[in-house]
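The working numbering puts the sequence shown at residues 5 to 133. We treat Cβ as the ideally placed atom computed from N, Cα and C, and that holds for glycine. The structure presented is a predicted model; accordingly, all values stated were derived computationally and were not measured.
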Amino acid sequence: MQTITAIHHVAIICTDYQRSKDFYVRVLGFPIIAENYRASRHSYKLDLRVGEHSQIELFSFPNPPARVSNPEAAGLRHLAFRVDNIDAFVAALQSHGIDCEPMRLDEFTGKRFTFFRDPDNLPLEAYEI
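This is the structure in structure tokens:
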């Protein structure tokens, strides 16, 4: 069996494509790799670069169902982003009107982290390295 070497992409389905595109591109600063409209599915697919080797695929679909519950439901809990300076990152989010939870400390690594939400209330984490 081949060894997995990295996560290639994470797919996110949004309810308001333009609002989510603005959030991930302008606010979080992810560069666009490709943007395509799939007329047969009434759906956009936006590929965003995250670091050197990873991507976010942002999809829009007509009337997607709501997320079942907050992070404690079975399945994917949240998406975490590595940041070099968490204080500067939080300040940048707040300058865009985005609230962050109070800073936490990872009891095992001693690193600081916080949670914030995307336009569809998806929990996102900033983790300082």
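- Here L126 carries a coil assignment [DSSP, helix/strand/coil].
- Residue nearest to A38 within the set R30, Y48, T113 is Y48 (criterion: CA-CA distance).
- For K25, same chain residues with a beta-carbon under 7 Å away, outside a window of 5 residues either side, are L50, L62 in chain order.
- Residue pairing by DSSP places S47 opposite R42 in a beta bridge.
- With the rule of 3 Cβ pairs closer than 8 Å, the region 57-71 counts as touching the region 7-18.
- Taking every protein chain shown into account, the CB of V87 has 16 or more other CB atoms within 10 angstroms, so this residue is buried.
- With at least 16 other beta carbons inside 10 angstroms of its own, A130 counts as buried.
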